[in-house]
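Enquirer: Sharing a structure below in structure tokens format, with a few things to ask.
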Amino acid sequence: MRINILQHTPNEGPGSILDWSQAHGHQAYIYHPYQFGFLPKAADTDLLVVLGGPMSPNDDLDWIRQERNLINELLAKNVPIFGACFGAQQIAKALGYPVTNAPVKEVGWAPVYLKSHVIPGIPDKLLALHWHQEMFEVPNEATLLFSSDRVRNQGFVMNHRVVGLQFHFEPQSDNVREMVVNDFPYIKGSVFNQTKADILKTPVPAENKTVMFHILDYITATSNR
């Protein structure tokens, strides 16, 4: 399987998604459209991963629009897609749904709650890393998958092939440190009132990687085709 990963900032990489790819013997290709302007072709994509970033789907940039065109091509072909944060927002906007300011800015560690058991093996409550102040509207075609205490629209699953999460399950310890040391000014104003030190000293839950694997296994299962 060829996994095409769209990365949108140096400090928000694929994390445990690469572990999943390597464990299954897949080939991962990481694109940086914000810097180089190149995107993969739909015909060369068996799984698309759309990662987070500091930009908004509402920004008037050619590569952001082209990325949504790619997403729509793959949706029409029933190709699996996983989106995290900006990536999930891009999927929703590609489907014609708005991305707006969330009720609060969420940056740091906080629980999320499972709202649908369509994907097996996911606990009802998980500690996730949040790094956002915008949110997607859950598409009518999709099922609400996660909510947090203050933001309802935290995740969705659609057609057994697409999952979008407003938060992050993919970062591992090194990834969290990279996010914090490079983007710590963004923490200011978060409803969680966590400091840089608070975020860094919180261990990454081991179950987050397991859940990430469950999600990717689910959307790529041949039984869902």
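Quick note on numbering: the UniProt record's numbering labels position 160 of the sequence shown as 160, and the sequence is numbered without any gaps. Cβ coordinates follow ideal geometry from the N, Cα and C atoms, glycine included. Fair warning: this is a prediction, and the values are worked out from it, not measured in the lab.
Could you give the residue range of the beta strand (DSSP E) that holds E141?
Expert: Start at 1 with the first residue of the sequence shown, and residue 141 comes out as number 141. It is not in any beta strand (DSSP E) - E141 carries neither H nor E in the DSSP assignment.
Enquirer: Given this structure, state the Cα-to-Cα distance separating T210 from G96, to the nearest angstrom.
Expert: The residue labelled residue 210 in the question sits at position 210 within the sequence shown. The residue labelled residue 96 in the question sits at position 96 within the sequence shown. Cα to Cα, the separation comes out at about 31 angstroms.
Enquirer: Pick helix, strand or coil for P33, following the three-state DSSP scheme.
Expert: In the sequence shown, the residue the question calls residue 33 occupies position 33. Helix.
Enquirer: Who does Q27 pair with in a DSSP beta bridge?
Expert: The sequence position of residue 27 within the sequence shown is 27, counting from 1. Answer is R2.
Enquirer: Contact defined as beta carbons within less than 8 angstroms: I believe F86 pairs with H8. What is the distance between those atoms, to the nearest angstrom?
Expert: Here residue 86 refers to the residue found at position 86 of the sequence shown. Here residue 8 refers to the residue found at position 8 of the sequence shown. The Cβ separation is near 6 angstroms, so the contact holds.
Enquirer: Exposed or buried, P111, counting other C-beta atoms within 10 Å across all chains shown (16 or more means buried)?
Expert: If you number the sequence shown from 1, residue 111 lands on position 111. The residue in question, P111, is exposed, as its Cβ has fewer than 16 Cβ neighbours within 10 Å.
Enquirer: Between which two residues does the alpha helix (DSSP H) holding I219 run?
Expert: For the purposes of this step, residue 219 is identified with residue 219 of the sequence shown, where counting begins at 1. That run of the alpha helix (DSSP H) goes 206-220.
Enquirer: Output the distance between the C-alpha atoms of L6 and F184, rounded to the nearest integer angstrom.
Expert: The residue given as residue 6 occupies position 6 in the sequence shown. The residue given as residue 184 occupies position 184 in the sequence shown. If you take the alpha carbons of L6 and F184, they lie about 23 angstroms apart.
Enquirer: CA-CA distance, L145 and L39?
Expert: Working through the sequence shown from its first residue, we reach residue 145 at position 145. Working through the sequence shown from its first residue, we reach residue 39 at position 39. Near 28 angstroms, if we compare the C-alpha coordinates of L39 and L145.
Enquirer: Quickly, what does DSSP pair T179 with across the bridge? List them, please.
Expert: What you label residue 179 is simply residue 179 of the sequence shown in a count that begins at 1. Looking at the sequence itself, residue 179 is Met, so the reference to Thr does not match. Beta-bridge pairing links M179 to no other residue.
Enquirer: Alpha carbons only, please: which of V118, D62, A94, L61 is nearest the one belonging to L75?
Expert: To locate residue 75, count along the sequence shown from 1; it is residue 75. It is A94.
Enquirer: Can we say the segment 111-124 touches the segment 27-38, given the rule of at least three CB pairs closer than 8 angstroms?
Expert: These segments do not touch.
Enquirer: For a test of the three-state rule: what should DSSP assign to E73, helix, strand or coil?
Expert: Taking the sequence shown and counting its residues from 1, one reaches residue 73 at position 73. E73 falls in the helix class under three-state DSSP.
Enquirer: Do you know offhand how far R150's Cα is from G83's?
Expert: On the sequence shown, position 150 is the one that residue 150 refers to. On the sequence shown, position 83 is the one that residue 83 refers to. Roughly 21 angstroms between the two C-alpha positions.
Enquirer: Just mark residue 226 as buried or exposed, buried being the case when its beta carbon has 16 or more other beta carbons within 10 Å.
Expert: Residue 226 lies beyond the residue range present for the chain, which begins at 1 and ends at 225; the question has no answer from this structure.
Enquirer: In terms of residue numbering, what span does the alpha helix (DSSP H) encompassing Q90 cover?
Expert: As a working mapping, residue 90 is identified with position 90 in the sequence shown. Here the alpha helix (DSSP H) through Q90 covers 86-94.
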